[in-house]
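Engineer:
Residue numbers (the UniProt record's numbering): 1 to 230.
#1: Tell me whether residue 130 is buried or exposed, calling it buried when 16 or more other Cβ atoms sit within 10 Å of its Cβ.
#2: Quick check: the segment 133-140 against the segment 174-181, are at least 3 beta-carbon pairs closer than 8 Å?
#3: Here's a check: name, in chain order, each residue in its chain whose Cβ is nearer than 6 Å to the Cβ of residue 207, leaving out the five neighbours to either side.
#4: Excluding sequence positions up to five away, which residues of its chain have a Cβ less than 7 Å from the Cβ of residue 99?
#5: Taking residue 152 as the reference, which of 109, 85, 171 and 209 has the closest Cα?
#6: Kindly list the residues whose CB is nearer than 8 Å to the CB of residue 3, restricted to its own chain and excluding five residues on each side of it in sequence; keep chain order.
#7: Buried or exposed: residue 32, going by 16 or more other Cβ atoms within 10 Å of its Cβ?
#8: Where residue 83 and residue 143 are concerned, what is the direct C-alpha to C-alpha distance, given to the nearest angstrom?
#9: Do residue 226 and residue 214 have their C-beta atoms within less than 7 Å of each other?
#10: Going by C-alpha distance, which of 51, 10 and 38 is nearest residue 68?
#11: Distance, Cα to Cα, residue 19 vs residue 104?
#12: Do residue 41 and residue 94 have their beta-carbon atoms positioned less than 7 Å apart in this structure?
#13: Which residue comes first and which comes last in the alpha helix (DSSP H) that contains residue 15?
#14: Would residue 53 and residue 8 be called neighbours here (beta carbons separated by less than 7 Å)?
#15: Three-state secondary structure (DSSP) at residue 161?
#16: May I ask you to list the residues that DSSP assigns as paired with residue 214?
#17: Are residue 168 and residue 132 closer than 7 Å when you measure CB to CB?
#18: Is the beta carbon of residue 36 less than 7 Å from the beta carbon of residue 58?
#19: On the criterion of 16 or more Cβ atoms from any shown chain inside 10 Å, does residue 112 qualify as buried, or is it exposed?
#20: Under a three-way DSSP split, which group does residue 181 fall into?
#21: Hey, could you find the ends of the alpha helix (DSSP H) residue 85 is sitting in?
#22: For residue 140, which beta-bridge partners are listed by DSSP?
#23: Write down the C-beta distance between residue 120 and residue 185 rounded to the nearest angstrom, noting that I regard them as a contact closer than 8 Å.
#24: Any idea which residues DSSP pairs residue 32 with across the strands?
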């Protein structure tokens with residue numbers, strides 16, 4: 001089944017160029033020119049990925065993210081003219097999966113959307129045996145174990161929760177605050193330095209078997225990747 005892409009941008013030239021690029025790749029494409037229309041199209045069109053401009057009339061891209069109710073299975077890539085880390089962090093915290101700064105290469109945008117679709121499909125597919133394998137690293141979600149290069153590695157409960165979360169959501173960037181809430185809980189009184197310490201420990205335990213698995217996204221947070229160092 002062909003995937004659906006919703007392009008949301010009030011600049012017609014950009015919306016047209018992006019739509020054409022996705023249609024050439026076989027995607028079904030619809031467009032919206034403001035935030036309110038975008039919310040309506042999400043309900044009626046049910047896109048797999050929404051390309052969402054931040055600065056728009058009626059509702060900004062950030063406000064659209066806030067107002068989305070059930071976005072299960074839909075990825076969001078933000079488009080912004082600001083190359084400011086604060087704006088990028090805000091978008092990620094509101095639920096966006098990725099972002100690109102204008103002007104951008106449409107080919108890169110299409111490639112990122114394809115990768116996002118694959119990631120969503122993988123995350124939603126049921127794990128037949130409760131395992132996640134990335135390169136030489138294997139996590140067993142039922143037994144709560146980690147094997148690196150076929151060797152059992154001892155983890156604390158939080159170390160396991162942290163690496164399991166990251167491996168289950170490859171390429172998704174999490175802020176330190178996200179990880180603190182998801183792994184330690186909203187009521188945890190410690191600071192984000194706890195996340196940094198646990199990531200350092202996990203990198204040592206993964207070691208040279210997968211040296212680029214756990215990556216720092218500078219100024220934002222962390223992600224796990226199956227690729228080489230970026």
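We put the beta carbon where it would ideally sit given N, CA and C, even for glycine. Here the structure is a predicted model, which is why all the values come from computation and not from measurement.
Structural biologist: Straight from the coordinates:
#1: It counts as exposed.
#2: With fewer than three CB-CB distances shorter than 8 Å, the segment 174-181 does not count as touching the segment 133-140.
#3: There are no such residues.
#4: Closer than 7 Å at Cβ, skipping near neighbours: 77, 78, 80, 88 and 91.
#5: Out of 109, 85, 171 and 209, 209 has the C-alpha closest to the C-alpha of residue 152.
#6: Cβ contact annotation for residue 3 (same chain, cutoff 8 Å, sequence separation greater than five): 27, 28, 48, 49 and 117, in chain order.
#7: Buried, because 16 or more other Cβ atoms sit within 10 Å of the Cβ of residue 32.
#8: As the crow flies, the alpha-carbon of residue 83 is around 43 Å from that of residue 143.
#9: Judged by their CB atoms, residue 226 and residue 214 are not nearer to each other than the 7 Å cut-off.
#10: The option with the nearest alpha carbon to residue 68 is 38.
#11: Taking C-alpha positions only, residue 19 is separated from residue 104 by approximately 14 Å.
#12: No, these two residues do not count as a Cβ contact at 7 Å.
#13: Here the alpha helix (DSSP H) through residue 15 covers 12-24.
#14: It is a contact, given that the beta carbons lie within the stated cut-off.
#15: Residue 161 falls in the helix class under three-state DSSP.
#16: Beta-bridge pairing links residue 214 to 224.
#17: Against a cut-off of 7 Å, the Cβ pair of residue 132 and residue 168 comes out as a contact.
#18: Inclusion of residue 36 and residue 58 in the CB contact set at 7 Å is warranted, their separation being smaller than that value.
#19: It is buried - the Cβ of residue 112 has at least 16 other Cβ atoms within 10 Å.
#20: In the three-state reduction of the DSSP assignment, residue 181 falls in the helix class, which pools H, G and I.
#21: Taken as a continuous stretch (DSSP letters only), the alpha helix (DSSP H) holding residue 85 covers 85-93.
#22: Checking the DSSP bridge columns, you'll see residue 140 partnered with 131 and 145.
#23: At roughly 26 Å, the Cβ-Cβ gap does not stay under 8 Å, so residue 120 and residue 185 are not in contact.
#24: Residue 32 pairs with 8.
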